[in-house]
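See below for the structure under consideration.
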Amino acid sequence: MGAYFSNLHIKKESVSEEDVKAEILACFAENGCTPSDSDTADFEVCLYAPADGRWLSVYCDTFECTDVLTLAPRISEKTGADVLALACFDSDYLFLNLVNVKDSRDLWLNIGDTPEIRKPRRSTLSAWKNSIGDFAAFRAAAKEKYDFADEFLLAVQHPLELPFAQSTGFEIPENVTRLYFSAPQNNLLPPTSLTFTFYDKMPCVPGKRSACHVNNMGLASRGIGVLFVGSYVEHDEITIDDAEFWYSDRRGEQVSVPIRFEKIQLSDGQWAYHWQDMDFKIPEAVSPAIPYVARFKQQCKRSFGIRYTPNGNKRKFLDITVVFAPLSNRIEGQCAWRVWGGFPSKRAYIEKHNESVKADAAAGMIVGDCTRIDPAEYDLD
Numbered sequence: 004m005g006a007y008f009s010n011l012h013i014k015k016e017s018v019s020e021e022d023v024k025a026e027i028l029a030c031f032a033e034n035g036c037t038p039s040d041s042d043t044a045d046f047e048v049c050l051y052a053p054a055d056g057r058w059l060s061v062y063c064d065t066f067e068c069t070d071v072l073t074l075a076p077r078i079s080e081k082t083g084a085d086v087l088a089l090a091c092f093d094s095d096y097l098f099l100n101l102v103n104v105k106d107s108r109d110l111w112l113n114i115g116d117t118p119e120i121r122k123p124r125r126s127t128l129s130a131w132k133n134s135i136g137d138f139a140a141f142r143a144a145a146k147e148k149y150d151f152a153d154e155f156l157l158a159v160q161h162p163l164e165l166p167f168a169q170s171t172g173f174e175i176p177e178n179v180t181r182l183y184f185s186a187p188q189n190n191l192l193p194p195t196s197l198t199f200t201f202y203d204k205m206p207c208v209p210g211k212r213s214a215c216h217v218n219n220m221g222l223a224s225r226g227i228g229v230l231f232v233g234s235y236v237e238h239d240e241i242t243i244d245d246a247e248f249w250y251s252d253r254r255g256e257q258v259s260v261p262i263r264f265e266k267i268q269l270s271d272g273q274w275a276y277h278w279q280d281m282d283f284k285i286p287e288a289v290s291p292a293i294p295y296v297a298r299f300k301q302q303c304k305r306s307f308g309i310r311y312t313p314n315g316n317k318r319k320f321l322d323i324t325v326v327f328a329p330l331s332n333r334i335e336g337q338c339a340w341r342v343w344g345g346f347p348s349k350r351a352y353i354e355k356h357n358e359s360v361k362a363d364a365a366a367g368m369i370v371g372d373c374t375r376i377d378p379a380e381y382d383l384d
């Protein structure tokens, strides 16, 4: 996988770090984000101004290409400085936008190509002549073909006077200014409501580790229950062994807790393996106001789930069903997984899966028949 990044670089001659910091704070405040601390923040902004460098760089995991294109002229207008916006897409395509509102400069350069997005503008390479010290070297580099579009930034680090590690943000040093922000509160969230974000798409295998993760799409609450249900429970035809519940703590470090499932009979007469923690705090849903990249990272931090090893009668393994139920909203807020969920029957799931395997094999995407499911190995009716 290639590199993705979007960042800003401000010429240091006519701007201070405090000027940029004030504008960043004002911009995020307009979007409802508030200053926070590292423990409670939803995202952070890093300001890097090397003492011997020409540029002050701004990095943020929430930045998308549209964000840096919006911020660049705004910061330039407020500070009078040259501002360079960069965005790279899977190392296939890179754009550079150098603006100075005071001088009415708005320069654009495309490097590479990608089907991921449409190029926002055409390149204006000749217009960069008076803004680059060694324009001949810059122009020659722009006309080269690159296996990775971000290699262009390595080729022009001297003409731009911007080191490659700084332009890409690949190596952000520790001695940077960090600004922490919390996303706006969503007062329209429903009660705690869980949804699966990771699960097996193939049947569980006896003796092999399995896992499933969930995220909350509603308000925070306390207490979680997990159940395994199915006809296999009553006579212990399948057991759930070596189980653990995992989540991330406030520092983002993963915590794993060994758990033990107990066999219980539900009010409808069905048997289940059950475990619960009445004190576990289910995190609130991630704010949709956060841009996609940061939202995805926050969802990963706030996800939680179980890892387990099923053992027993393989013929019953298609019956394995896992239910996560928030204790504050057991019925409406619960979510359930079984591998053939979404299909009218086990047989229909296997047939559709095997058709996909056959099509992938014909297209050369897989070799052999290793992922085909043999219906004779399972009880289907």
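When you line the sequence shown up against our numbering, it's residues 4 to 384, in that order.
Positions of the beta carbon are idealized from the N, C-alpha and C atoms, including for glycine.
Taking buried to mean at least 16 other C-beta atoms within 10 Å of its own C-beta, is residue i buried or exposed?
i	result
GLY308	buried
ASP116	exposed
LEU191	exposed
LYS14	buried
THR198	exposed
SER60	buried
ASN133	exposed
ARG341	buried
SER224	buried
ARG121	exposed
GLY336	buried
PRO162	buried
Give the straight-line distance between the Cα atoms of residue i and residue j, rounded to the nearest whole angstrom.
i	j	result
ASP42	GLN302	16 Å
VAL400	ALA246	As shown, the chain starts at 4 and ends at 384. That puts residue 400 outside it, with no answer to give.
ASP363	VAL104	53 Å
CYS63	ARG181	10 Å
GLU256	ALA158	38 Å
PHE155	ILE114	8 Å
SER170	LEU87	10 Å
PHE320	PRO206	7 Å
GLY172	GLU16	21 Å
GLY136	ALA54	20 Å
ILE267	CYS338	19 Å
Nearest CA to the CA of residue i: which residue from the options?
i	options	result
LEU11	TRP58, PRO53 and ASP45	TRP58
ARG125	TRP111, PHE138 and TRP131	TRP111
THR195	TYR183, THR127, ALA328 and ASP384	ALA328
VAL232	TYR352, LEU128 and ASP271	ASP271
PHE92	ALA152, HIS238 and PHE248	ALA152
LEU165	GLU380, PHE141 and GLU147	PHE141
ILE78	PHE173, VAL102 and VAL296	VAL102
ASP384	GLY136, ARG254 and ARG318	ARG318
GLU106	THR65, VAL236, ASP85 and PRO123	As written in the sequence, residue 106 is Asp, which differs from the Glu given in the question. Selected option, being the one with the closest Cα: ASP85.
ARG212	GLN160, PRO193, ILE243 and LEU222	ILE243
GLU395	THR82, PHE248 and ALA143	Look at the range of the chain in this structure, 4 to 384, and you will see that residue 395 is not part of it.
How close, in whole Å, do the beta carbons of residue i and residue j come, if the pair is a contact with beta carbons under 8 Å?
i	j	result
SER234	ASP322	6 Å
ASP95	GLY5	6 Å
PRO209	PRO313	6 Å
Give a yes or no on whether 8 Å exceeds the smallest Cβ distance from residue i to chain C.
i	result
ASN178	In the structure shown, chain C cannot be found, because there is only a single protein chain.
Pairs of beta-carbons, one from the segment 227–241 and one from the segment 273–289, closer than 8 Å: are there three or more? Contact holds: three or more Cβ-Cβ distances are below 8 Å.
The segment 201–208 touching the segment 66–77, judged by at least three CB pairs closer than 8 Å: Contact fails: fewer than three Cβ-Cβ distances are below 8 Å.
Taking 8 Å as the threshold, find out whether the segment 212–223 comes into contact with the segment 283–299 through three or more Cβ pairs. Result yes; three or more Cβ-Cβ pairs closer than 8 Å.
Would you say the segment 17–33 touches the segment 43–50, given that touching needs at least three Cβ pairs under 8 Å? Flag = yes, the segment 17–33 and the segment 43–50 touch.
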